[in-house]
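Everything below concerns the one structure shown next.
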Amino acid sequence: MLQTEQLPLYRSQTYVEQASSYDRMGKNNDGFNGTYSFLRKNEDGSLVIFEAPGKGIIERIWTPTPTDDTLDFYFDGAGSPSYSIKFNDLFSGKIFPFLNPLTGKKVGGWYSYLPIPFANGCKVVFRGKKMLFYQVQYRALPANSLVQTFNPELSMTARSALQSLISKWSAAPSVSSHNRDITLKSTASRNIRPGERITIADIKKGGRIVGIELSDASIFESMNNEFDLRISWDGDTSPAVYAPVADFFGYAFGSRSMKSLLTGVDSNKAYCFIPMPFDNAAKIEVVYRKTGGSQKPVNFRSTITFTQRARDKATEGRFYALWKREQPAIGKPYVFLSGQGRGHYIGTLLLSQAKTYDRHTEFFEGDDSTVLDGKHFLHGTGSEDYFNGGWYAQPNGWVERKGAPLHGCLDYSLPLSRTGGYRFYMSDKLPFERSIYHSIEHGPEGNNREVEYSSVAMYYADQAIASGEAPTNATTRIFTPDTLSFYPRLMEHVSYAAEAKLADGNAELDAGRSGSFMLDPREIGPG
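Here the numbering used here runs 1254 ahead of the position in the sequence shown, where the first position is 1.
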């Protein structure tokens, strides 16, 4: 498993691919019927769901539909299974070395990030009658790589590394758990007035930022989203990071949400422990935009932790985060990041707001798609699937703010037709030598749902892969729908008060009016 300190390192001569159950016809049958949920069927009825030649590592396995059927792993050309395990037990945490939280279940999705290396090919066979949704992501390695094929017993070194990762992923976020270099800290109380841009770090020699902490975090809870984070490297005129503070640290629709391994909010402190190496200079600024309304000066505390180990230009990229907000055109996907250059992709934060109330969150049926160096390497099975979740709007599914160390749900509201998620790529970071195109659909088919997306795409490169627009009041203000939506099957359980009403099968409350809707879950039967 990759250590946080290794995130800036390029992964040259490797590429990432994914086997998944996505609909090859471009429709929405991404696993519902099992049509595309295998590569081929064996004579005994078992299903080959993954196969790769040469040297590589399975780095991620995801499904929202595990079963007690057996998975057989065939390594290095073996004619009989090299390792067998119940599909459910990949994620249960009961079978060594598939332990939580490197494996587990969150917001409707089961996931495993335990590396499964192979030296001369790997095949995975599902012994059940029907496979549904799944994704298996792996990294192909050069022929001269030293690879030891997966052994569930693990060596003493591997056991120690596994326990170290379990401890790190389970602990409260802290800069010390991510960095072993000698660090320097700059801590200060700041005062910022509306319309000001203040510098919270200005480093004049090479090094790397390993911690950014801002408190108290409640300052940035606002529907105006008027505070921005601006980071520049090595005297560049264009910032490497220019994003609303709330969006960068995983707030959702005006309040705190994310608490991940790398960034988020914990104990009323916004934090980022993503390593950011630079050559000779770094500047970090906070912007407080005037909104036109009543605003007061704000006091906050900043702590910047850094080391004096400069970037190795040959082996490391500089950190970039592209923020954008747009309503993608019908028929075209939303693009997280697209451009030319060398680097690797490490993270996505996404907030999504429907622009029509009659289709609730159906935009989240859209699949992710990734083209690296001109080749289509990864195609997903749905938007919450991309974030390792599953089953939006369903009990025990993608319905609440909850997350794991590397992924999770930022928010879900069926009545407000909005949601969001985050996902970080550690060992499974996506390398590219010449170009990257990373996108997601909006809707079940043909990008056919009206939605507004705001995203932060994080990556490492020598230079910016794409340029973004500076945040403005118009592009950061959080939209509040004036119409709520409910599933039709719930209409009979909704009661209406004041000027709220049921009209043509829809629950409505006109703008500027007052009223309430009440839904009593006790009235709703199972399912």
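No residue lacks a Cβ here, since even glycine has one placed at the ideal position from N, Cα and C. Note that the coordinates shown come from a computational prediction; the quantities given were computed from them, not determined experimentally.
Check whether the Cβ atoms of P1529 and P1320 lie closer than 8 Å to each other. Here the question's residue 1529 lines up with position 275 in the sequence shown. Here the question's residue 1320 lines up with position 66 in the sequence shown. Going by C-beta atoms, P1529 is not nearer than 8 Å to P1320.
Which partner residues does G1461 have in the DSSP bridge list? As a position in the sequence shown, residue 1461 is number 207, starting the count at 1. Partner(s): F1532.
Which residues does DSSP pair with M1772 in a beta bridge? Here the question's residue 1772 lines up with position 518 in the sequence shown. Bridge partners of M1772: S1749.
Report the three-state DSSP secondary structure of K1422 (helix, strand or coil). The residue labelled residue 1422 in the question sits at position 168 within the sequence shown. Looking at K1422 - three-state DSSP - the assignment turns out to be helix.
Using the C-alpha atoms, what's the distance from N1650 back to G1781? On the sequence shown, position 527 is the one that residue 1781 refers to. On the sequence shown, position 396 is the one that residue 1650 refers to. Any answer about G1781 is weak, because its pLDDT of 42 lies below 50 and its placement is not dependable; what the coordinates show is given next. Looking at the backbone, the Cα of G1781 and that of N1650 are separated by about 11 Å.
Consult DSSP for L1395 and reduce its assignment to one of helix, strand or coil. Working through the sequence shown from its first residue, we reach residue 1395 at position 141. Three-state DSSP puts L1395 in coil, outside helix and strand.
Rounded to whole angstroms, what's the CA-CA distance from N1702 to R1555? Just pull it up for me. As a working mapping, residue 1702 is identified with position 448 in the sequence shown. As a working mapping, residue 1555 is identified with position 301 in the sequence shown. Cα to Cα, the separation comes out at about 45 Å.
Is the segment 1347-1357 touching the segment 1298-1312, taking contact as three or more C-beta pairs under 8 Å? no
To the nearest angstrom, report how far apart N1342 and Y1365 are at their CA atoms. The sequence position of residue 1342 within the sequence shown is 88, counting from 1. The sequence position of residue 1365 within the sequence shown is 111, counting from 1. If you take the alpha carbons of N1342 and Y1365, they lie about 10 Å apart.
Out of G1657, P1669, R1688, G1675, state which residue places its alpha-carbon closest to the alpha-carbon of W1423. Looking up residue 1423 in the sequence shown gives position 169. Out of G1657, P1669, R1688, G1675, G1657 has the C-alpha closest to the C-alpha of W1423.
Provide the residue span of the alpha helix (DSSP H) that contains E1638, from first to last. Here residue 1638 refers to the residue found at position 384 of the sequence shown. Taken as a continuous stretch (DSSP letters only), the alpha helix (DSSP H) holding E1638 covers 1637-1640.
Simplified DSSP assignment, three categories, for L1483: For the purposes of this step, residue 1483 is identified with residue 229 of the sequence shown, where counting begins at 1. L1483: strand per DSSP, three-state reduction.
Using a Cβ-Cβ cutoff of less than 6 Å, which residues in the same chain neighbour C1526 once the five nearest sequence positions on both sides are dropped? As a first step, residue 1526 must be located in the sequence shown, where it is residue number 272. These residues qualify, in order along the chain: I1466, T1517.
With V1710 as the anchor, note down where its beta strand (DSSP E) starts and where it stops. Position 456 of the sequence shown, counted from the start, is the residue given in the question as residue 1710. Where V1710 is concerned, the enclosing beta strand (DSSP E) stretches over 1705-1715.
Own chain residues within Cβ distance below 8 Å of E1570, not counting five before or after: Residue numbering aside, residue 1570 sits at position 316 when the sequence shown is read from its first letter. So the list reads P1262, L1263, Y1264, P1531, Y1714, once near-sequence residues are dropped.
Endpoints, the beta strand (DSSP E) within which L1730 is located: Here the question's residue 1730 lines up with position 476 in the sequence shown. According to the sequence as given, residue 1730 is Thr; it is not Leu. Note, T1730: premise wrong, no beta strand (DSSP E); alpha helix (DSSP H) at 1727-1730.
D1501: first and last residue of the uninterrupted alpha helix (DSSP H) it sits in: Within the sequence shown, the letter at position 247 stands for residue 1501. Its alpha helix (DSSP H) spans residues 1499-1502.
I need the DSSP call for G1781, collapsed to helix, strand or coil. Counted from its first residue, the sequence shown places residue 1781 at position 527. With a pLDDT of 42 at G1781, under the threshold of 50, the modelled position of that residue is not reliable, and no figure is offered here.
Judging by CA-CA distance, which residue of R1543, T1557, I1558 is the nearest neighbour of P1551? Along the sequence shown, read from residue 1 onward, the residue named residue 1551 stands at position 297. Cα-wise, what sits closest to P1551 is R1543.
Would you identify the three-state DSSP class for A1412, choosing helix, strand or coil? Counted from its first residue, the sequence shown places residue 1412 at position 158. Of the three classes helix, strand and coil, the one that applies to A1412 here is helix, per DSSP.
Nearest candidate by alpha-carbon position, reference L1660, set T1602, T1610, T1453: Position 406 of the sequence shown, counted from the start, is the residue given in the question as residue 1660. Ranked by how close their Cα comes to the Cα of L1660, the residues T1602, T1610, T1453 have T1602 in first place.
Would you report the Cα separation of L1408 and P1351, rounded to the nearest angstrom? Taking the first residue of the sequence shown as position 1, residue 1408 is located at position 154. Taking the first residue of the sequence shown as position 1, residue 1351 is located at position 97. Straight-line measurement puts the Cα of P1351 at about 8 Å from the Cα of L1408.
By the three-class DSSP mapping on this structure, what secondary structure does S1606 have? Here residue 1606 refers to the residue found at position 352 of the sequence shown. S1606 carries a strand assignment under DSSP once its states are collapsed to helix, strand and coil.
Nearest neighbour of A1494, chosen from Q1260, F1502, I1485, A1500 [CA to CA]: Your numbering for residue 1494 matches position 240 in the sequence shown. Answer by Cα proximity: I1485.
CB-CB under 6 Å to R1451, same chain, minus the five flanking residues each way: which ones, in chain order? Along the sequence shown, one-based indexing puts residue 1451 at 197. Excluding positions up to five away in sequence, the list reads E1539, V1541.
Is the segment 1615-1627 in contact with the segment 1716-1734, if contact means three or more CB pairs nearer than 8 Å? no
Let me check understanding here. Comparing Cα to Cα, which of I1446, A1497, I1454 lies closest to I1473? Within the sequence shown, the letter at position 219 stands for residue 1473. Across the set I1446, A1497, I1454, the C-alpha of I1446 shows the shortest separation from the C-alpha of I1473.
What is the rounded straight-line gap between the Cα of Y1710 and the Cα of N1287? Here the question's residue 1710 lines up with position 456 in the sequence shown. Here the question's residue 1287 lines up with position 33 in the sequence shown. Note on residue identity: the sequence assigns Val, not Tyr, to residue 1710. Straight-line Cα distance between these residues: approximately 34 Å.
Grab the span of the beta strand (DSSP E) containing R1555 for me, first residue to last. As a working mapping, residue 1555 is identified with position 301 in the sequence shown. Residues 1552-1561.
Suppose you measure from the CA of V1401 to the CA of T1737; what does that come to, to the nearest Å? To locate residue 1401, count along the sequence shown from 1; it is residue 147. To locate residue 1737, count along the sequence shown from 1; it is residue 483. Straight-line spacing of the CA atoms in V1401 and T1737 works out to 56 Å.
Between the alpha carbons of Y1750 and R1767, how many angstroms are there, rounded? For the purposes of this step, residue 1750 is identified with residue 496 of the sequence shown, where counting begins at 1. For the purposes of this step, residue 1767 is identified with residue 513 of the sequence shown, where counting begins at 1. Approximately 13 Å, taken between the alpha carbons.
Anyone know if the C-beta pair for G1362 and G1644 falls short of 8 Å? Here residue 1362 is taken as the residue at index 108 of the sequence shown, counted from 1. Here residue 1644 is taken as the residue at index 390 of the sequence shown, counted from 1. In contact: G1362 and G1644 (Cβ atoms closer than 8 Å).
DSSP puts A1658 in a beta bridge; with which residues? Residue 1658 sits at position 404 when you count from the first residue of the sequence shown. Paired residue(s): none; A1658 is not in a bridge.
Taking D1533 and R1563 to be in contact with their CB atoms under 8 Å, please state how far apart those CB atoms are, rounded to whole angstroms. On the sequence shown, position 279 is the one that residue 1533 refers to. On the sequence shown, position 309 is the one that residue 1563 refers to. So it is not a contact: roughly 12 Å between Cβ atoms.
Can you grab the Cα-Cα spacing for the pair Y1574 / V1379, in whole Å? The sequence position of residue 1574 within the sequence shown is 320, counting from 1. The sequence position of residue 1379 within the sequence shown is 125, counting from 1. If I take the Cα positions, the gap works out to 39 Å.
Anyone know if the C-beta pair for T1691 and S1592 falls short of 8 Å? The residue you call residue 1691 lines up with position 437 of the sequence shown. The residue you call residue 1592 lines up with position 338 of the sequence shown. The identity of residue 1691 in the sequence shown is Tyr, whereas the question assumes Thr. For Y1691 and S1592, yes; Cβs fall inside 8 Å.
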